[in-house]
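**Q**
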Amino acid sequence: MSVTLLAGSATASVAVAADVPAASAAAAAATTAPVENLIVGYKTSASEASSNTAAADDATAKGKKAGKKAKFDRRLGTGAALVSLGSATAPADAAKVMAQFRADPDVAYVEVDARAYAMATPNDTDYTKQWDLFEPTAGMNVPAAWDKTTGSGVTVAVIDTGYVAHSDLAANVVSGYDFISNSAYARDGGGRDGNAADEGDWNATDNECGLGSKAGGSSWHGTHVAGTIAAATNNGKGIAGIAYGAKIQPVRVLGKCGGTTADIADAITWASGGTVSGVPANATPAKVINMSLGGSGACSATYQNAINAAVSRGTTVVVAAGNSNSDAAGFSPASCNNVINVAASNRTGDRSFYSNYGASIDVAAPGGETRRGTDTPGTVTTPENGILSTLNAGATTPGAENYKPYQGTSMAAPHVAGLAALAKAAKPSLTPAQIEAAIKNNTRPLAGVCTGGCGTGLADAAATINAVTTATPPGLENGTDYTIGDNTTVESPITVTGKTGNAPATLKVAVNIAHTYIGDLKVDLIAPDGTAYNLHNRTGAGTDNINQTYTVNASSEVANGTWKLRVNDNAGGDTGKIDFWSLTF
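Numbering (the numbering used here), first residue to last: 50 to 634.
#1: So what's Thr633 in DSSP terms, helix, strand or just coil?
#2: Could you tell me whether the Cβ atoms of Asn434 and Arg400 are closer together than 8 Å?
#3: Using 8 Å for Cβ pairs, my map puts Thr532 next to Val539. What's the rounded Cβ distance?
#4: How should Thr282 be labelled, buried or exposed, when 16 other C-beta atoms within 10 angstroms of its C-beta is the threshold for buried?
#5: For Met340, which residues does DSSP report across the bridge?
#6: Secondary structure at Gln179, three-state DSSP: helix, strand or coil?
#7: Is the number of C-beta pairs between the stretch 616-632 and the stretch 568-578 that are closer than 8 Å three or more?
#8: Restricting to Cα atoms, I'd like to know which of Val146, Leu125 and Thr127 is closest to Gly135.
#9: If we ignore side chains and look at the alpha-carbon of each, how far apart do Glu606 and Val300 end up?
#10: Which partner residues does Trp612 have in the DSSP bridge list?
#11: Between the C-alpha atoms of Asp250 and Leu440, what's the straight-line distance to the nearest angstrom?
#12: Say yes only if the C-beta of Thr538 is nearer than 7 Å to one or more non-hydrogen atoms of the ligand COA, and no if none qualify.
#13: Going by C-alpha to C-alpha distance, which of Lys178, Ser262 and Lys197 sits closest to Gly188?
#14: Rounded to a whole number of angstroms, what is the C-alpha to C-alpha distance between Cys499 and Ala108?
#15: Alpha carbons only, please: which of Asn372, Ala214 and Gly416 is nearest the one belonging to Gln298?
#16: Could you pull out every residue in the same chain whose Cβ sits closer than 6 Å to the Cβ of Val285, ignoring the five residues on either side in sequence?
#17: Helix, strand or coil for Val325, going by three-state DSSP, please let me know.
#18: Going by alpha carbons, who is nearest to Glu191 out of Ala414, Thr537, Thr544 and Tyr566?
#19: Which partner residues does Pro299 have in the DSSP bridge list?
#20: Mind the definition here: the stretch 308-315 touches the stretch 343-358 only if three or more C-beta pairs lie below 8 Å; say whether that holds.
#21: Measuring only the C-alpha atoms, how far is Leu87 from Lys114?
#22: Could you compute how far the alpha carbon of Gly416 sits from the alpha carbon of Cys503?
#23: Would you mind reading off the limits of the beta strand (DSSP E) that contains His564?
#24: If I measure Cβ to Cβ from Ser262 and keep anything under 8 Å in the same chain, skipping five residues before and after, which residues do I get?
#25: Does the distance from the C-beta atom of Val325 to that of Val367 stay below 8 Å?
#26: Count the other C-beta atoms from every protein chain shown that fall within 10 angstroms of the C-beta of Arg241, then say buried if there are 16 or more, exposed otherwise.
#27: Could you give the residue range of the alpha helix (DSSP H) that holds Val274?
#28: Where Ala552 and Glu450 are concerned, what is the direct C-alpha to C-alpha distance, given to the nearest angstrom?
#29: Could you check if Gln597 is buried or exposed, using at least 16 other CB atoms within 10 Å of its CB as the buried criterion?
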């Protein structure tokens, strides 16, 4: 199967804007600043959760065990205890006290009472044109996440057309690989090799790549995608990347006439740290893969097997939904399981006119519109509403570097790949399923309209990062997709351990189900002893999707054990999947 990139049209270079104030050094300061206080949350069953005297005794005792001073200061409005370390304490010494708290089974969490700083605007000269990062209507709320994470330590593989040199990206690029096995399509004089340079994907004549194909120039698509993820930031030029502390690994699979499933599958394997015959091992395996590419047809076994193996190695896979204004179920790899499938939204918060949709969509992200849906295809009438990123001016072979706005689900996917990198850097223990669940569980509703289904909503960087840095203990969520067929019953499990006693009377059950007719569905929470608690019982008629948090009185149930979300489809004609669900005790 031949696969193509998923971007739309571009426009001419964008004029440079005036300088804006330099960004804050808050993120750097946070890693070296002395620690004055800790915040300790006790489990509700602990005496320290309600007694200040008990909390004070506990703080003193734990400080002595660590060889440091620790003193109860006051109770926060959340019920947590503020513990003073007496004076500015080195982070390493504070960590010793925190280790004592973490070792106590009565302690739910302990964290540094960190300082926040006013967030300044990055000094990248075109940052003010990146509405997709910061505008409140339809931006992804990225700046508010930067005080906690910039993606440092995470490599993102961009499986695409390769990389054409750009000074706004160069500092963040690590060695990649060229997986195009056909030398004629590769245009580099050979087959696979260690040089992921983009040699251009132009077509000289119509029908060159099959009947109906059109002549066209090179897209430099992989470089545009890479800039959205990790363009250098606060360097006084160009644009800001979403995860500007991360590294980009260019993996070339698309050349003249697109790319093949076999080459792309090998690229997925190699990028995630797997073994590909005849190819040297990847020295810097990626924890996030972005694939802004696709073709028609349902997910193949080849794609699914490669993706499953990548996820099993700990790599989050993000894909573009496609630009055909159709159900994404008919496109691949958008219809594969174990991916984050991203639809495109525009500057007013509607689904972009070209974006695919449907039950397989996980989230939406800014993809922009360089023209209106009613404008002549191929024209550029609203460049200010596109996604601005790094590019090249060469018509066929590389020329001078520049910046241009593109539109497409190709542009939406790297927004989410960047967010996945931010999340992984903020909490390295997160699994791909937990990253997917965190992103989907912390979206906000689109400001406009999404006909056909845009997953759980618009990805929100700040909300996602806040959730993964403060949140639900690991293991209390399941982000694996479970297909809901016609007239079938499916169950998704969560195994709870380490709890004492019974579940609470206010057990929170967050449910995200993608389905095109929720009136077909009966949804139950199944306790470890088999007791069913009904959450949804065939209401809503033809409404799309369930995205809701339910409160269940589960106080008669033992907390530990395997809980299940059971979904029964009781009619024909509509199908979907359990996207993810979580329990909050």
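All C-beta atoms, glycine included, are put in the ideal place defined by N, C-alpha and C.
**A** In brief:
#1: Thr633: strand per DSSP, three-state reduction.
#2: no
#3: 7 Å
#4: buried
#5: Val368
#6: coil
#7: yes
#8: Val146
#9: Glu606 and Val300: Cα-Cα distance of roughly 50 Å.
#10: Ile543
#11: 14 Å
#12: As presented, the structure is devoid of all ligands, the ligand COA included, so that no description of it is given.
#13: Lys178
#14: The alpha-carbon atoms of Cys499 and Ala108 are separated by roughly 51 Å.
#15: Ala214
#16: For the sequence presented, residue 285 should be read as Gly rather than Val. Result list for Gly285: Asn172, in chain order.
#17: coil
#18: The residue you asked about is not Glu; residue 191 is Val in the sequence shown. Minimum Cα distance to Val191 is reached at Ala414.
#19: In the DSSP assignment, Pro299 is bridged to Val207.
#20: yes
#21: Roughly 16 Å between the two C-alpha positions.
#22: 13 Å
#23: Leu556 to His564
#24: Asn252, Asp255, Asn256 and Cys306
#25: no
#26: buried
#27: Bounds of the alpha helix (DSSP H) holding Val274 are His270 to Ala279.
#28: 58 Å
#29: exposed
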